[in-house]
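Here the structure comes first, spelled out in structure tokens, and everything after it is commentary.
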Amino acid sequence: MLCGSAAHADATLDRIKERGKVTIGVLINGGPFGSIDPATQQLVGWNPELAQALAKGLGVQADLVQVQTATRVQFLQAGKVDLLIASMELNPDRAESLGYAPTPFYRVGGAAAVRKDSGITRWEDLRGKPVCVSQGSSYAKPLANEYGAQVHGYKSASDSLLALKGGNCVAAVHDSTLIHPLLNQNPEWSQYGTPIKGQILPADSVVWTRKGESDTIAAVDKVVRSWHRSGWLIDTERRLNITPPNPLLPELQTRLKTAS
Amino acid sequence: MENTLLSDAVQALKPTGLNYEFLLDASERGAFIRGLGVTLELCLLTIPCSLLAGIALAAMLTSGNRPLAGVTRAFVEITRSTPTLVQLYCAFLVLNMLITQQLREWGVSSNPLTPFIWVVVVVSLHKGVFHAEALRAGIEAVPSTTLEAARSLGLSRMQLLSRVQLPLALRFALPSLVNNVVDLVKMTAVASAIAVGDVTYESIMIWSQRDNVLELLLLILLWFGLLTWLVSVAGRRLEHRLRMPGYGQ
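Heads up: the protein sequence lines correspond to chains A and B, in order.
Counting from 1, position 221 in the first sequence corresponds to residue 238 in the numbering used here; the numbering is continuous, with no gaps.
Counting from 1, position 217 in the second sequence corresponds to residue 219 in the numbering used here; the numbering is continuous, with no gaps.
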């Protein structure tokens with residue numbers, strides 16, 4: 018209904034239709050959410066699959082570009098990509114400077130990896146103890162302010178996880194989408210687990226656009242809603258072996274089905 | 003009083019586009035000031051440690067003992083041809099992890115080697131190698147006639163090094179050594195990679211919440227500028243004081 022009243026589509030949607038191609042930035046950090054298939058050198062996993070399906074939903078070809086956490090916003094703002102599917106959660110600051118499709122496709126919070134023999138079972142147990150995160154992590158503030166942890170920020174998630182192994186902190190807190198697959202599937206991490214129930218600072222993953230591109234946003238959102246209604250996201254999650262299943266997906270499926 | 007002064011200063015800078023509001027937040031200001039202190043502490047520890055390492059390495063390189071000189075040469079080549087950051091990662095993330103795991107097997111639950119200690123060790127050794135090469139240039143610049151004269155006085159190999167070669171070598175090498183120390187001061191910023199709370203680390207932690215990168219970078223620049231300036235001034239004074247009459251004049 019929003020786009021119906023606009024006299025003409027915004028420049029990005031025009032350009033996408035004109036070229037028959039949409040450039041989507043995807044974050045590849047290994048694991049089921051995005052990795053490179055060693056045999057074919059193709060990008061595979063959750064982020065690339067969603068990007069491909071989104072292009073298909075828009076009726077154009079997909080052109081996937083790998084982006085990094087630190088520079089993904091610059092890629093979008095500089096016009097190197099049209100859209101971002103880059104494990105980038107919704108928060109008020111980002112919502113102010115960028116546009117996004119309002120229907121989330123996932124929900125991610127922080128999970129803590131700890132040694133199984135550490136005796137830590139609750140977030141409160143982290144009080145006064147060293148906790149590893151990556152620099153710039155949004156979990157740093159709640160960990161320090163709400164739970165009184167001593168937060169140590171390493172350059173990247175992998176450094177933080179190595180520091181955990183080196184005994185420099187009692188827990189490493191990162192996106193649950195990173196922690197769960199790592200601990201479930203990697204035998205090197207068999208001594209570690211996620212005994213703390215619940216996630217810290219859960220937030221919605223959305224598709225990001227540049228600010229004010231309301232037609233692009235409406236077109237993308239329509240595709241995301243169709244994924245929920247058809248159950249495609251739930252199937253994809255199962256097919257990619259992403260565990261535990263995200264409760265947001267069935268919840269949104271029910272809500273959107275009854276809404277239509 | 004102090005706080006109103008500070009908030010006035012922050013307000014005054016705002017129209018120029020510089021937002022130093024983090025200085026009004028007690029915990030962030032505290033973290034930043036601690037960061038300034040940790041950087042200073044790192045410099046005060048790594049400068050003497052690296053010089054001692056440099057002297058020891060230079061002594062081994064010029065010892066005339068072939069196997070010892072060979073091993074030292076290999077260490078020098080490897081150390082100076084790999085990046086400090088990579089060495090720090092290898093030392094702290096890999097070596098330290100292996101040490102922790104070994105200690106755990108022996109029933110020791112805590113590893114006494116902190117990230118701070120690893121930074122001091124890695125940076126001191128890295129720069130020590132460069133000091134050693136500068137000193138070697140100095141040692142080799144000592145005229146053979148001077149050494150001959152010293153030997154004729156019956157000085158032993160160690161006495162020759164400590165009383166004749168090193169004092170002269172130090173003078174020849176001083177400009178290079180000061181150059182190395184200036185570089186070493188800047189190099190302490192690698193500590194931020196492994197969460198040692200130096201000024202760079204604390205700034206990254208603040209700007210990742212507030213997006214005030216430029217403001218903090220200016221402060222980092224000022225702090226390192228001040229520290230390196232102090233090193234240069236001290237170096238120049240030392241050069242002046244140690245100047246040998248009759249040499250290079």
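Every residue, glycine too, gets a C-beta built ideally from N, C-alpha and C.
Contact list for residue i against chain B, beta-carbon separation under 7 Å
i, result
"His169 of chain A", "Ala197"
"Lys172 of chain A", "Ala195"
9 Å Cβ cut-off: residues of chain A touching residue i
i, result
"Asn113 of chain B", "Gly183, Gly184 and Asn185"
"Pro85 of chain B", "The contacting residues do not exist; Pro85 of chain B stays about 14 Å from chain A at best."
Nearest-angstrom Cα separation, counted from residue j out to residue i
i, j, result
"Leu47 of chain B", "Ile53 of chain A", "44 Å"
"Ala24 of chain A", "Asp238 of chain A", "A caution first: Ala24 of chain A carries a pLDDT of 44, below 50, which makes its placement in the model unreliable, though a value can still be read off. Their Cα atoms are separated by approximately 20 Å."
"Gln69 of chain A", "Leu95 of chain B", "37 Å"
"Ala103 of chain A", "Val223 of chain A", "9 Å"
"Leu179 of chain A", "Leu176 of chain B", "40 Å"
"Cys51 of chain B", "Ile35 of chain B", "25 Å"
"Lys274 of chain A", "Gln104 of chain B", "56 Å"
"Glu150 of chain B", "Ile141 of chain B", "14 Å"
"Leu240 of chain B", "Leu160 of chain A", "49 Å"
"Met160 of chain B", "Glu79 of chain B", "25 Å"
"Tyr209 of chain A", "Asp134 of chain A", "8 Å"
"Leu229 of chain B", "Ser205 of chain B", "17 Å"
"Ala95 of chain A", "Ser173 of chain A", "24 Å"
"Ala129 of chain A", "Ala235 of chain A", "36 Å"
"Leu71 of chain A", "Thr84 of chain B", "44 Å"
"Asp80 of chain A", "Thr40 of chain A", "5 Å"
"Leu44 of chain B", "Trp120 of chain B", "11 Å"
"Ile213 of chain A", "Glu163 of chain A", "15 Å"
"Val12 of chain B", "Arg32 of chain A", "45 Å"
"Glu141 of chain A", "Gln167 of chain A", "12 Å"
"Ile137 of chain A", "Leu220 of chain B", "41 Å"
"Asp27 of chain A", "Ser231 of chain A", "7 Å"
"Gly51 of chain A", "Val84 of chain A", "11 Å"
"Thr86 of chain A", "Leu44 of chain A", "7 Å"
"Asn5 of chain B", "Leu269 of chain A", "50 Å"
"Leu155 of chain B", "Tyr203 of chain B", "55 Å"
"Arg82 of chain B", "Ala76 of chain B", "10 Å"
"Gly66 of chain B", "Ala56 of chain A", "54 Å"
"Ile259 of chain A", "Ser114 of chain A", "31 Å"
Residue i and residue j closer than 8 Å at C-beta
i, j, result
"Leu257 of chain A", "Pro49 of chain A", "yes"
"Val77 of chain A", "Gly37 of chain A", "yes"
"Leu100 of chain A", "Trp206 of chain A", "no"
"Thr190 of chain B", "His128 of chain B", "no"
"His191 of chain A", "Pro261 of chain A", "no"
"Leu38 of chain B", "Trp225 of chain B", "yes"
"Pro117 of chain B", "Ala197 of chain B", "yes"
"Val184 of chain B", "Ser234 of chain B", "yes"
"Pro267 of chain A", "Gly126 of chain A", "no"
"Ala236 of chain B", "Leu90 of chain B", "no"
"Val144 of chain B", "Leu170 of chain B", "yes"
"Gly170 of chain A", "Arg144 of chain A", "no"
"Gly72 of chain B", "Gly130 of chain B", "no"
"Cys286 of chain A", "Val240 of chain A", "A query on residue 286 of chain A cannot be resolved here, the shown segment of chain A reaching from 18 to 277 and no further."
"Gly42 of chain A", "Phe92 of chain A", "yes"
"Leu30 of chain A", "Thr233 of chain A", "yes"
"Ser210 of chain B", "Gln59 of chain A", "no"
"Arg173 of chain B", "Met62 of chain B", "no"
"Asn182 of chain B", "Phe24 of chain B", "no"
"Val40 of chain B", "Gly199 of chain B", "yes"
"Gly183 of chain A", "Met99 of chain B", "yes"
"Leu179 of chain B", "His133 of chain B", "yes"
"Ala152 of chain B", "Val124 of chain B", "no"
Chain B residues whose Cβ lies nearer than 8 Å to that of residue i
i, result
"Ala68 of chain A", "By Cβ distance, chain B contributes nothing, its closest Cβ being about 27 Å from Ala68 of chain A, past 8 Å."
"Lys158 of chain A", "Gln211"
"Asp176 of chain A", "Tyr91, Leu95, Ala195 and Ile196"
"Gln85 of chain A", "Going along chain B, no residue has its Cβ under 8 Å from Gln85 of chain A, so there is no contact; the nearest lies around 15 Å."
"Gly153 of chain A", "Ile206 and Ser210"
Chain E contact residues for residue i, given Cβ-Cβ distances below 9 Å
i, result
"Ala180 of chain A", "Of the protein chains in the structure, A and B, none is chain E."
Cβ-Cβ separation, residue j to residue i (assumed contact under 8 Å), whole Å
i, j, result
"Thr120 of chain A", "Arg227 of chain A", "Contact flag wrong, Cβ pair sits at about 18 Å."
"Leu8 of chain B", "Leu20 of chain B", "Rounded, the Cβ-Cβ distance is 14 Å, inconsistent with contact."
"Ser193 of chain A", "Gln216 of chain A", "6 Å"
"Arg124 of chain A", "Met105 of chain A", "Contact flag wrong, Cβ pair sits at about 13 Å."
"Thr74 of chain B", "Arg138 of chain B", "That belief does not hold up - the Cβ atoms of Thr74 of chain B and Arg138 of chain B are roughly 10 Å apart, past 8 Å."
"Thr147 of chain B", "Val166 of chain B", "About 12 Å; that fails the 8 Å criterion."
"Leu223 of chain B", "Ile208 of chain B", "Contact flag wrong, Cβ pair sits at about 15 Å."
Closer than 7 Å, Cβ to Cβ, to anything on chain A: give me those residues from the region 207-224 of chain B, in chain order.
Met207, Ser210 and Gln211
Short of 7 Å Cβ to Cβ, which residues in the region 89-103 of chain B face chain A?
Leu95, Asn98, Met99 and Thr102
For the region 13-43 of chain B, which residues have a CB atom closer than 7 Å to at least one CB atom of chain A, in sequence order?
none
Near-chain A residues of the region 115-134 of chain B (beta-carbon distance less than 7 Å), N- to C-terminal order
Pro117
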